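Chains as they are written, first to last, in numbering that gives the first Met the number 0: chain A, 0 to 139; chain B, 0 to 94.
For every residue, glycine included, the Cβ atom is placed at its ideal position computed from N, Cα and C.
Just so you know, these numbers come straight off a predicted model, no measurement behind them.
To keep things clear, I will list the structure first and then write my remarks on it.
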Amino acid sequence: MASQSPEYATRLNALEESLRTLQDRLEELDETEAVTFHVETFAPEPYQVKRPIPVVVHGYHDTFTASFMDANIHSAGDTQQEAYSNVKELILDVFDSLSALPAAQLGPKPSKQLAVLREFLDVADDHERARREDRQEAAS
Amino acid sequence: MSRTITKEHAEKIVKKLRARVVTARAAHDLAQVFYDDVLIVEFGIRRGSSKDLGHPFLPNDLQLTHRQTLDLANCPLSYEKWVELMQSKGLIESI
Chain A
0 MASQSPEYAT RLNALEESLR TLQDRLEELD ETEAVTFHVE TFAPEPYQVK
50 RPIPVVVHGY HDTFTASFMD ANIHSAGDTQ QEAYSNVKEL ILDVFDSLSA
100 LPAAQLGPKP SKQLAVLREF LDVADDHERA RREDRQEAAS
Chain B
0 MSRTITKEHA EKIVKKLRAR VVTARAAHDL AQVFYDDVLI VEFGIRRGSS
50 KDLGHPFLPN DLQLTHRQTL DLANCPLSYE KWVELMQSKG LIESI
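What follows is the structure, given as structure tokens:
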């Protein structure tokens with residue numbers, strides 16, 4: 000029967016591939032227009048913003064995604080505000096986690112992320128002083 | 000089959016890539032993927048009880064296409080293949 004021939008299977012696979020590509024394209028088109036916000040403060044968290052951090056927020060199906068593209072940090076939320084707040088938190092989480100690791104343990108992507116993050120934010124001086132004192136206390 | 004990337008996919012990827020999950024601030028956990036004790040990628044996992052919680056940002060975090068991300072979660076893309084992909088992108092050092 001023709002439906003069992005290898006040629007038919009090949010054509011079916013090609014058709015399936017085309018359909019997937021179309022689905023991918025449709026998903027891209029489903030996104031809403033992006034809006035850029037700038038993080039000016041992390042208060043009450045003890046971090047200082049060296050320069051405003053651009054965060055791009057856009058709708059994607061039922062979700063909003065928020066991205067700090069330069070550092071490749073992304074999050075999502077049910078609303079625009081939630082997505083924005085979530086990525087702000089994640090920026091600090093990634094900054095803390097990468098700062099805590101020795102440089103030798105950072106691969107190329109995390110190293111670049113940390114370098115970018117350090118261009119945009121820093122731990123507040125009094126907080127850094129307290130952390131240093133804690134470390135000295137723990138060591139003695 | 001749904002092509003949306005969800006929390007369930009994120010959790011499957013955590014297991015497959017043997018990621019370490021660290022508890023972070025309120026909205027996320029942070030999954031860190033190491034290879035030879037070097038951090039290769041990390042991604043946030045949204046907290047919430049629903050397995051359907053959207054994680055459309057995962058492909059960017061993982062440096063994969065949308066399809067590769069789903070394949071990684073749903074099995075066709077193996078751990079070894081993922082390592083090869085990361086090596087081809089220069090994110091894991093080739094031996």
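Cβ contact annotation for A:Pro51 (same chain, cutoff 7 Å, sequence separation greater than five): His37, Val38, Glu39, in chain order.
Closest in C-alpha terms to A:Phe63, from the list A:Asp69, A:Val34, A:Tyr46, comes A:Val34. Secondary structure of B:Thr3 (DSSP, three-state): coil.
Judged by DSSP secondary structure, B:Gln31 falls within the beta strand (DSSP E) whose first and last residues are 27 to 34. Think of a sphere of 7 Å around the beta carbon of B:Val40: the chain A residues whose beta carbon falls inside it are Lys108, in chain order. Secondary structure at A:Asp77: coil, using DSSP grouped into helix, strand and coil. Boundaries of the beta strand (DSSP E) harbouring A:Asp121: 120 to 122, taken from the DSSP string. For B:Val32, the closest alpha carbon among the candidates B:Gln67, B:Pro75, B:Gln62 is that of B:Gln62. At the C-beta level, A:Ser98 and B:Ala23 stay beyond 9 Å of one another.
Here the segment 27 to 45 of chain B lies against the segment 68 to 86 of chain A, with 3 or more beta-carbon pairs under 8 Å apart. Counting along the chain, A:Ala65 sits inside the beta strand (DSSP E) bounded by residues 62 to 67. For the segment 73 to 103 of chain A, the set of positions with a beta-carbon nearer than 9 Å to some beta-carbon of chain B reads His73, Ser74, Ala75, Gly76, Asp77, Glu81, Ser84, Asn85, Val86, Glu88, Leu89, Leu91, Asp92, Val93, Asp95, Ser96, Leu97, Leu100, Ala103 in chain order. Sorting B:Trp81, B:Pro75, B:Thr64, B:Lys80 by C-alpha distance to the C-alpha of A:Asp23 places B:Thr64 at the top. The alpha-carbon of B:Glu92 is positioned some 44 Å away from that of A:Ser4. Taking a beta-carbon distance threshold of 9 Å, B:Ala26 counts as an interface residue toward chain A. Proximity of A:Arg10 to chain B, defined by a Cβ-Cβ separation below 9 Å, is not satisfied. For A:Met68, same chain residues with a beta-carbon under 7 Å away, outside a window of 5 residues either side, are Val55 in chain order. When DSSP states are grouped into helix, strand and coil, A:His57 belongs to the strand group.
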